[in-house]
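Reviewing the structure listed below.
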Amino acid sequence: MRPYLEVLLDIPLYQTFVYRNSTESPALPGQRVEIYFGTRKTTGFVVTDHDTVPKSSGLEEKDFGKIKTIRRTIDKEILFDRNTISLAYWMADYYLCSPGEALGAMIPSGRRETETSQLPGSEDFYSARDKSLSTEQQEALEYINSNPGKTTYLFGITGSGKTEVFLRATEENISRGKGVIYLVPEISLTHQVSVDIKKRFGDKAAILHSALTPSQRLGEWLRIKRGEALIVIGARSAVFAPVRNLGLIIIDEEHDQSYKSGNTPRYNARQVAQKRKVLEGCSIVMGSATPSCEAWYQCRKGEIKEFRLTKRLSGGAPPEIKCVSLEGVEGPLSPELIRAVKEAKSQGRQSILFLNRRGFSHFFKCRSCGKTLTCKNCSASMTYHKSRKRMICHYCGWSIKPPGACPSCGSLDVNYAGFGTEFIEEEIQKNFSGYTYRRIDTDSVQTKDSLALAIKEFKEGKIDILLGTQMVAKGLNFPGVQVVGVISADTGLMLPDFRASERTFSLIVQVSGRAGRYFPDGKVIVQTFMPSQPAIDCACRGEKAIEEFYTKETAVRAVMEFPPFTRLIRFVFRSKKQEAALNASEEAKYIISDLLKDTCPGEQNMQPAGLQEENPPSPPYEILGPAECPLAVLSGNYRYQLLLKGREMKTIHKAARRFIREFKAPQNVYIETDVDPASLL
């Protein structure tokens, strides 16, 4: 036992703290300890130990007696190693958080190990390996297996067999004694993938996702750490799993925004995977039918090896996609969509109806005075949830009883407009009497078991219509689906975000891919008020227009100087007082501007206006704002944002890092820092 420990805390302080080790409950690097920080009892992460007080502590010898002793060691085993600590320090540097905050996101919070139900395996370890590979699949697999340490992309249409390549690559790595991390964007996909995994790997697999209790998560973490689990399946945070001898990280549905964390540290699992590749020498395989624009551009530049999977392997053909204009259509379901669903039912097949909006109605307006009902805490419209008889804010959760009269002028002439999945549920009852249906959204499916049951019943053909939000659009494989209806394709295009077109295109293509996977007459009905909008137009023209969309979208991004041609860092200044948030953001702009000039001396276009070139090259960086965030008030906080834009990350990152370390924000102002933001709302 060494007498002195350096400890990191899950707080925004960029230093370690020295504590005395306990003779009764001694700790080692890689364990958590219970300590007093000031007068507050908290958890610390031991990153190293010493025989003497380290010089880095800054303590003089006369102060050594003031060093506190840890209260106790929490863990019986080593929870994290040097690679984990190195990864945490990289995350702190790149995502502009503290190392303790990074470790806090990586390490399970559970105190006692609890077992989860293991995935039962078959007697034959590889018994499910009964599918023959296509030539395209075989070429991709051979490259992956023979090029360790490389990054590969499977750009394949829906149903082209990407998952089978992932699983074969997993088998190869495990046969070589290496571990695998298999990332999926959501819990719904975790369940489906785990069913495939258990047929091949049984109790060699572990699952990590947000539905586990802290103790269950700790139990799985330790099982992985001991080497009892060779493959880890999970959502975003599974990228931190302490897999022994890591050989491969799989990132399924690479385009999905769920891989980006919305809380500190605001990491992207794809970038963390790339860093683990550098630290541990593993391979990365990503896949999607709709790559992110960044990944597509990297493939075009040859930075990532790309393989195209162009054929559906289950016997199905690409579905017929019909774009239906909603101009003049009464109600949310067009005659074409109603007819298609009925035809599917008559043939014993199923339908999926997709609408990326929860609730019954999403807009309240008084026809007399024009008053709209917004949340008292947020600058967002309240959504009417008929099942709960409440108007609910989807951002902060505040709710009220639906007003029968205008709260401003008292008029009874009020209107609930727009529609969500609850409203469509009533439309299903009206138009499809006697059909069995199930709604899947975060209101109706609140546990992993209820979600798994809904997916299982639909897959078994017990449900005629599956209605849902984006939960139903992501990678799920339903053999009996003939029809997919996109009820309102325009919804996401209204958002003030440069990625809105990309997300809309991706969602339409992904949900369309659920139709006709096992037969040749699948049908997709895309309802829209904007049939000529490029994202909708390309999505409706099917697989032949996918490349066209990316070419057009990246051309627009190049002109507007947005990713993948530039890099972004976003600062959001929030406060209960609007003036405080605005003042802090304005002061920050001046400071960051000076820091950028120090970082890039001579890069500014400093010539007098008359001597400047007619079309001078754009500077290497730009500061946009401060401006109100599109969602200007959230949970009672006023929000202003600054956006740093640079041709290279290092240009803006150095200035941003110095700003975060040196700027002292007023006590009533909080700063959110987001490197490579996925959303600008």
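Going by UniProt numbering, 236 is the number at position 236 of the sequence shown; the sequence numbering is gapless.
Ideal placement from N, C-alpha and C gives every residue a C-beta, glycine not left out.
* To do: Could you name the residues that DSSP lists as bridge partners for Gln527?
  => Val324
* Taking only the alpha-carbon atoms, compute the straight-line gap between Phe45 and Gly625 and give it to the nearest angstrom. => 38 angstroms
* May I have the straight-line CA-CA distance separating Phe37 from Leu5, to the nearest angstrom? => 14 angstroms
* Examine the ligand PLP and report whether any of its heavy atoms sits within less than 7 angstroms of the Cβ of Arg82. => Of ligands this structure carries none, so the ligand PLP is not represented either.
* **Glu164 to Lys305 span [Cα, whole Å]** => 18 angstroms
* Asked: Do you know offhand how far Glu426's Cα is from Val526's?
  -> 20 angstroms
* From this set, Lys459, Arg541, Met494, Pro564, which residue's C-alpha is nearest Ile321's C-alpha? -> Arg541
* Measuring CB to CB, does Val572 end up less than 8 angstroms from Gln667? -> no
* To do: Return the CA-CA distance between Ile591 and Lys654, expressed in angstroms with no decimal places.
  => 13 angstroms
* Is Val33 closer than 8 angstroms to Ala27 when the C-beta atoms are compared? -> yes
* Contact under 8 angstroms by Cβ, Leu493 with Ser501 -> yes
* Closer than 6 angstroms by C-beta to Ser151: which residues in its own chain qualify, once you throw out the five before and the five after it? Chain order, please. => In the sequence as displayed, the identity of residue 151 is Thr instead of Ser. Contacts found: Ile284, Ile304.
* Cutoff 6 angstroms; reference Phe307; Cβ partners in own chain excluding five residues on either side -> Ala140, Leu154
* DSSP three-state call for Tyr590: helix, strand or coil? -> helix
* **Cβ neighbours of Ser593 in the same chain (closer than 7 angstroms, five flanking residues each side left out)** => Ile623
* Beta carbon of Pro319 nearer than 8 angstroms to that of Ser512 -> yes
* Asked: Excluding the five sequence neighbours on either side, which residues of its own chain have a C-beta within less than 7 angstroms of the C-beta of Glu553, listed in chain order?
  -> Cys293, Ser501, Glu502
* Option in Gly281, Phe201, Gln216, Phe166 with minimal Cα separation from Ile251 -> Phe166
* Asn147 in three-state terms, based on DSSP -> coil
* Minimum C-alpha distance to Lys68 - residue among Val7, Ser532, Gly177 -> Val7
* To do: Could you tell me the boundaries of the beta strand (DSSP E) in which Glu6 lies?
  => 4 to 9
* To do: Could you please give me the residues that DSSP links to His209 through a beta bridge?
  => BP columns for His209 are empty, so no partner.
* To do: Count the other C-beta atoms from every protein chain shown that fall within 10 angstroms of the C-beta of Glu61, then say buried if there are 16 or more, exposed otherwise.
  => exposed
* Terminal residues of the continuous alpha helix (DSSP H) containing Tyr94? -> 82 to 95
* Asked: Any idea if Lys523 is buried or exposed, counting beta-carbon neighbours within 10 angstroms, 16 or more meaning buried?
  -> buried
* **Limits of the alpha helix (DSSP H) - the one that Gly100 falls within** => 99 to 106
* **Thr73 versus Glu24 - alpha carbon distance** => 9 angstroms
* **Between the CA atoms of Phe565 and Arg647 - distance to the nearest angstrom** => 7 angstroms
* DSSP state of Gly65 mapped onto helix, strand, coil -> helix
* With 16 other CB atoms within 10 Å as the buried threshold, where does Asn173 fall? -> buried
* Under 8 angstroms by Cβ, that's how I've got Leu373 and Gly420 pegged, so tell me the actual separation to the nearest angstrom. => Rounded, the Cβ-Cβ distance is 15 angstroms, inconsistent with contact.
* **Backbone secondary structure at Lys162 - three-state DSSP** => helix
* **Lys131, enclosing beta strand (DSSP E) - first and last residue** => Careful: Lys131 lies outside any beta strand (DSSP E) and carries neither H nor E.
* Indicate whether Ala269 and Val243 have their beta-carbon atoms separated by less than 8 angstroms. => no
* What are the complete alpha helix (DSSP H) segments, minimum 4 residues, inside the region 612 to 656? -> none
* Can you tell me which of Phe549, Pro291, Ala558, Glu343 puts its alpha carbon nearest to the alpha carbon of Lys645? => Ala558
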